[in-house]
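K.L.:
One structure coming up, written as structure tokens, with questions to follow.
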DNA sequence: GAAATATACTAGGACGTCCAAGGGTTCGGA
DNA sequence: TCCGAACCCTTGGACGTCCTAGTATATTTC
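Laid out in structure tokens, this is it:
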């Protein structure tokens with residue numbers, strides 16, 4: 499979609515911030531903008547790899563989560579909490595995955611409010627193949643060095659904890 | 499939307515990857531997933547601050563870009579390249595901003611294919627106030643330390659260059 | 001035990017992103 | 001010169017995300 503620009507637009511934005519007297523926040527602005535752009539690049543790569551499987555990243559994430567669920571199923575509310583997305587986004591994904599025969603809804607045995615979702619055999623087979631593709635085509639050549647990965651996990655992990663994502667360790 | 503989870507779901511995902519024999523790519527997977535989640539958190543904060551101004555982040559970015567444009571206007575194709583989004587996304591944003599009286603389209607003086615976009619007086623005033631709000635309410639308390647910001651700019655800048663975003667330095 | 005509150009899911013709508021396709025304009029090589 | 005290739009923008013559609021509101025079921029409170 500885009501040929502390389504001669505100049506880094508984020509570095510330019512940072513210079514503009516400094517030139518306008520906002521030098522005290524220019525660096526965090528640049529860091530945050532870089533996160534936005536990096537996410538966009540990575541998401542595009544992932545969606546490219548998943549497309550042949552008829553999956554989007556959102557649907558893949560749900561399948562992957564279910565594949566690790568002990569008992570093979572989860573309440574939708576639990577999926578929403580773990581994936582950190584709005585409940586309606588889960589409803590949306592489940593609708594499409596169920597339509598495709600990859601997951602199935604079932605009523606909770608004791609709580610009438612709750613709907614459980616679990617993988618079908620087809621869903622389990624597909625998520626296995628999709629994961630193999632992502633591992634070899636994206637994660638194995640992420641574009642980050644081992645040091646980069648270390649730093650990202652550390653910096654972003656701290657950020658997420660402070661942002662209230664989790665309380666853990 | 500979400501109360502803190504007791505455990506970090508990304509750390510759990512990493513453990514699951516390792517447990518399934520994908521330990522060689524577990525760390526980059528975790529780093530990439532952390533980028534996705536961090537972007538989501540930051541975007542939500544930004545949108546919160548911009549909402550009182552009737553702006554979204556996409557519209558704000560376009561206004562900010564125009565506010566720095568020498569001559570006060572840019573071809574839409576140039577905005578698309580600099581913001582690194584699809585041309586139709588620019589069309590979409592310009593439609594809404596023009597509707598709100600914040601930007602104006604004008605024909606290019608010599609190239610009949612090109613449409614120029616520029617800020618109106620109202621747009622210029624609004625982007626100034628919105629920028630002040632973002633600076634003080636988001637960038638000044640980003641949740642990253644100065645060291646974090648350094649590392650992010652360095653790591654993500656290298657990633658973006660290698661990904662073909664720019665050729666610059 | 002009944003009313004009030006909380007929780008779980010779904011419907012409808014706004015918005016941003018992308019892709020595919022189409023119409024208009026300009027450029028460049030035969 | 002002129003005609004095909006390249007470029008610019010827009011339309012229409014698919015998706016994911018969120019929000020608000022509504023329905024149904026549990027839990028709490030009095």
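Protein chains in written order, with the numbering used here: chain A, 499 to 667; chain B, 499 to 667.
Every residue, glycine too, gets a C-beta built ideally from N, C-alpha and C.
Quick caveat, the model's predicted, so the values are computed rather than measured.
1) Going by C-alpha to C-alpha distance, which of 580/B, 649/B, 521/B sits closest to residue 501/A?
2) Strictly below 7 Å CB to CB, what residues from chain A border residue 654/B?
3) Any beta carbon from chain B within less than 8 Å of residue 551/A's own beta carbon?
4) Who are the near neighbours of residue 671/B in its chain, counting only those whose CB is closer than 8 Å to its CB and skipping five residues on each side?
5) How long is the line joining the alpha carbons of residue 610/B and residue 517/A, rounded to whole angstroms?
6) Interface residues of chain B around residue 660/A at Cβ under 8 Å?
7) Among 503/B, 504/B, 524/B, which residue has its Cα nearest to the Cα of residue 633/A?
8) Does DSSP put residue 664/A in a helix, in a strand, or in coil?
9) For residue 663/A and residue 505/B, which I take to be in contact (beta-carbon distance under 8 Å), what is that distance rounded to the nearest angstrom?
10) Closest to residue 617/A by CA distance: which of 630/A, 597/A, 607/A is it?
11) Between the region 650–658 of chain B and the region 635–652 of chain A, are three or more C-beta pairs nearer than 8 Å?
12) Please state if the CB of residue 613/B and the CB of residue 603/B are separated by a distance shorter than 8 Å.
13) Check for me: the alpha helix (DSSP H) holding residue 536/A runs from which residue to which?
14) What residues from the region 579–602 of chain A come within 7 Å of chain B, judged by C-beta to C-beta, listed N to C?
15) So residue 540/A and residue 595/A are supposed to be a Cβ contact under 8 Å. How far apart are they, rounded?
16) Out of 657/A, 503/A, 660/A, 555/A, which one is the CA nearest neighbour of residue 578/B?
17) Which of the three DSSP states, helix, strand or coil, is assigned to residue 572/A?
18) Can you list the beta strand (DSSP E) stretches of 3 or more residues lying completely in the region 577–617 of chain A, in chain order?
19) Can you tell me whether residue 499/A is buried or exposed, with buried defined as 16 or more other CB within 10 angstroms of its CB?
20) Whole angstroms is fine: what's the gap from residue 593/A's alpha carbon to residue 545/A's?
21) Do residue 536/A and residue 535/B have their beta-carbon atoms positioned less than 8 Å apart in this structure?
22) Considering only the alpha carbon of each residue, which of 526/A, 527/A, 563/A lies closest to residue 626/A?
23) DSSP puts residue 503/B in a beta bridge; with which residues?
24) Residues in the same chain with beta-carbon distance under 6 Å from residue 515/A, minus the five sequence neighbours each way, listed in chain order, please.
25) Closer than 8 Å by C-beta to residue 642/B: which residues in its own chain qualify, once you throw out the five before and the five after it? Chain order, please.
26) Nearest CA to the CA of residue 600/A: which residue from 583/A, 624/A, 585/A, 522/A?
27) According to DSSP, is residue 554/B helix, strand or coil?
P.N.:
Taking the structure as given:
1) 580/B
2) 532, 533, 536
3) Closer than 8 Å: no.
4) Absent from the model: residue 671/B. The displayed extent of chain B is 499 to 667, so no value can be given.
5) 34 Å
6) 641
7) 524/B
8) strand
9) The pair is not a contact, with the Cβ atoms about 10 Å apart (cut-off 8 Å).
10) 597/A
11) yes
12) yes
13) 521–548
14) 579, 580, 582, 584
15) So it is not a contact: roughly 22 Å between Cβ atoms.
16) 503/A
17) Of the three classes helix, strand and coil, the one that applies to residue 572/A here is strand, per DSSP.
18) 601–605, 613–617
19) At residue 499/A, the pLDDT of 48 sits below 50, so the modelled position is not reliable; the number obtained from the coordinates is stated separately. Result: exposed.
20) 19 Å
21) no
22) With distances taken between CA atoms, residue 626/A lies nearest to 563/A out of 526/A, 527/A, 563/A.
23) 664/A
24) 524, 527
25) Excluding sequence positions up to five before and after residue 642/B, its CB lies within less than 8 Å of the CB of 650, all in the same chain and listed in chain order.
26) 624/A
27) coil
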